[in-house]
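Contents: one structure, followed by commentary.
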Amino acid sequence: MLRKIANDFYMNQNYNCGECILRAANKAYDLGLDERALKLASGFGAGMGCGNTCGALSAAMSVLSLLFCGDKAHETEGFKELCAEYVDTFKASLGSDNCEELKARYRYPEGDDRRCLITVEKAADVLEAFIASHQSEPASDAPSETPVSADEIKRLKGLGFLNNKGTNKFNARVVTGNGRITTAQARCIADAAALYGSGQITMTTRLSQEVIGVEYDKIPDFIAYLAKEGLETGGTGAKIRPVVSCKGTTCQYGLIDTYALSEKIHHLFYKGYRGLTLPHKFKIAVGGCPNNCVKPSLNDFGIYGQRVPQPNTDLCKGCKKCQIEAACPISLPKVVDGKVFIDPDKCNRCGRCLHKCPFHVNEDYIAGYSIVIGGRWGKKVAMGKRIPKIFTTEEEVLATLEKTILFFAEQGQKGERLSDTIHRIGFEKVTEELLSDDILSRKDAIVGDALK
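Under full-length UniProt numbering, the sequence shown has 27 at position 27, and the numbering climbs by one with no breaks.
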């Protein structure tokens, strides 16, 4: 493998980046260069001594010239385009072709003997893959890769690595907790994608990030690299999946601190219940208000922030143009017999009508949470049903979530989603169970050793 050869020249023989790439390729591809010829790459190091074009890239162009160019470059069909393609590939993988920019991204701290090792290894990987893709027969004497076994693919899926069909590459699902990451974590994911993957990242519908094309043998290094910023892979299997939340904490319509609540859920249940295998996946969403941006009603357990108006109709003047009615996005309040009326069964409890009446009719409200259970989307779609109660404390919500997880673990049948369990048992019976604490007394029997 070109990376290993380049590593040896860099770490053990003290050659610069350009020298390492040319010498590694000379050995791997039997280029036939003698010591005098190999010195041609010496001046490429440190961006040609001035921090400009990366020496590893310049040396790679020499390798490509030996392998793909005829007697004259301008008479070799497609050679110009091949060189341009390689430069684009290099920049896409490493993020730049400039020495100073690559040092800022990948170089180890001053005094660390590894210096630009990451760039050298990554450049070697890019060159080897590029050559292999442009030769009918691989020129490298490295053995062909052994396909990853089905059992190993299954094991890795449980760790958040999803196989790219027909290859030894995987998409690595990086868990973000609730979709919010720091700038340092964002840089870490980007750098990990450049170092160990294809240099491409995609977002999942549940606000995790997936690094595309991580080679099988690079997975341990990829995991270790993410751990530097407290990141991990996962979010697959018949488990509690990573929680998602909207931006209710900062949104003008948000009624609860969605970030804080979802982070608690992440630590208490995604991490705390990680060892518990359920009948099927279990998805959780936290919405700041009834706008439904993050679709709590299409999750197994959904939470909405709520403000239930408590109008004081004694103060109502029966205005011809009611400001409470005008403020309601669903036009629900009506003046009936000279008094405003808000149908409690139809109100979505968004709180938009509060404090709008000049006579202070609608100042009071109950702040809390609604919970919906049994939602799902995919091949089958089910709208979650609301538990008929306003939960007024975060502790109540967390306790109800735990009881729902325990109920699903105990009563669910393998392969069915929570919506199927509710349909089979009956929503009223399930609700009755969740509003009592009986199931908590069976917690140890339900989870066994899974949480230890």
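Beta carbons are placed, not taken as given, at the ideal position from N, Cα and C, and that holds for glycine.
Since we're looking at a predicted model, the values are computed, not measured.
DSSP beta-bridge partners of residue i
{"i": "M203", "result": "Q209"}
{"i": "F341", "result": "K334"}
{"i": "E121", "result": "E121 is not bridged to any residue."}
{"i": "E215", "result": "K169"}
{"i": "R386", "result": "V372"}
{"i": "I240", "result": "F282"}
{"i": "F391", "result": "Y369"}
{"i": "E232", "result": "V175"}
{"i": "S245", "result": "V286"}
{"i": "N98", "result": "T53"}
Rounded C-alpha distance that separates residue i from residue j
{"i": "N12", "j": "S149", "result": "35 Å"}
{"i": "E19", "j": "F130", "result": "19 Å"}
{"i": "N348", "j": "P290", "result": "7 Å"}
{"i": "Q209", "j": "G160", "result": "11 Å"}
{"i": "G368", "j": "R114", "result": "55 Å"}
{"i": "C54", "j": "K283", "result": "46 Å"}
{"i": "H134", "j": "L64", "result": "10 Å"}
{"i": "A238", "j": "V214", "result": "24 Å"}
{"i": "K80", "j": "L418", "result": "58 Å"}
{"i": "H266", "j": "V243", "result": "6 Å"}
{"i": "Y225", "j": "K271", "result": "20 Å"}
{"i": "L117", "j": "I201", "result": "23 Å"}
{"i": "S62", "j": "D151", "result": "42 Å"}
{"i": "G254", "j": "N292", "result": "11 Å"}
{"i": "Y86", "j": "A56", "result": "12 Å"}
{"i": "D30", "j": "L22", "result": "11 Å"}
{"i": "L398", "j": "D364", "result": "26 Å"}
{"i": "T393", "j": "E433", "result": "19 Å"}
{"i": "I153", "j": "G234", "result": "14 Å"}
{"i": "K165", "j": "Q252", "result": "44 Å"}
{"i": "G177", "j": "R206", "result": "10 Å"}
{"i": "K317", "j": "G338", "result": "7 Å"}
{"i": "T250", "j": "E428", "result": "36 Å"}
{"i": "T236", "j": "T183", "result": "25 Å"}
First and last residue of the uninterrupted alpha helix (DSSP H) at residue i
{"i": "G3", "result": "Going by the sequence as given, residue 3 is Arg instead of Gly. First-last of the alpha helix (DSSP H) with R3: 2-11."}
{"i": "P220", "result": "219-227"}
{"i": "F161", "result": "Segment 161-163 is the beta strand (DSSP E) holding F161; no alpha helix (DSSP H) there."}
{"i": "E152", "result": "150-158"}
{"i": "C20", "result": "17-28"}
{"i": "D444", "result": "443-447"}
{"i": "M61", "result": "55-68"}
{"i": "W90", "result": "Per the sequence shown, the amino acid found at residue 90 is Phe instead of Trp. Where F90 is concerned, the enclosing alpha helix (DSSP H) stretches over 79-94."}
{"i": "R424", "result": "418-425"}
{"i": "L38", "result": "35-38"}
{"i": "A186", "result": "183-196"}
{"i": "S436", "result": "Where S436 is concerned, there is no enclosing alpha helix (DSSP H), given that its DSSP letter is neither H nor E."}
Buried/exposed call for residue i, threshold 16 Cβ in 10 Å
{"i": "N362", "result": "buried"}
{"i": "D141", "result": "Residue placement at D141 cannot be trusted, given a pLDDT of 46 that sits under 50; the coordinates are not used to answer."}
{"i": "P358", "result": "exposed"}
{"i": "C50", "result": "exposed"}
{"i": "R424", "result": "exposed"}
{"i": "L451", "result": "exposed"}
{"i": "E137", "result": "Below a pLDDT of 50, predicted positions are generally treated as unreliable, and E137, at 44, falls in that range; no measurement from the model is reported."}
{"i": "F9", "result": "buried"}
{"i": "N26", "result": "buried"}
{"i": "L261", "result": "buried"}
{"i": "S331", "result": "exposed"}
{"i": "R187", "result": "exposed"}
{"i": "I366", "result": "exposed"}
{"i": "V336", "result": "exposed"}
{"i": "T400", "result": "buried"}
{"i": "P280", "result": "Note that residue 280 is His in the sequence shown, not Pro. H280 comes out buried."}
{"i": "E128", "result": "buried"}
{"i": "K169", "result": "buried"}
{"i": "A6", "result": "buried"}
{"i": "R307", "result": "buried"}
{"i": "N14", "result": "exposed"}
{"i": "N16", "result": "buried"}
{"i": "L33", "result": "buried"}
{"i": "K218", "result": "buried"}
Residue i: CB within 6 Å of a non-hydrogen atom of the ligand FAD
{"i": "A73", "result": "This structure does not include the ligand FAD; it has no bound ligands of any sort."}
Where the beta strand (DSSP E) through residue i begins and ends
{"i": "I367", "result": "According to the sequence provided, residue 367 is Ala. The question's Ile does not apply to it. Element bounds for A367: 365-373."}
{"i": "Y304", "result": "301-309"}
{"i": "V286", "result": "284-287"}
CB contact below 7 Å: residue i versus chain D
{"i": "K295", "result": "This model lacks chain D altogether, as it is built from one protein chain only."}
- When the Cβ atoms of the region 371-390 are set against those of the region 335-347, are three or more pairs found closer than 8 Å? Not touching, per the Cβ criterion.
- Quick one: any contact between the region 422-441 and the region 395-413, if contact means 3 or more CB pairs under 8 Å? yes
- Query: For the 8 Å Cβ check, are there 3 or more pairs between the region 71-88 and the region 153-170?
  - Reply: no
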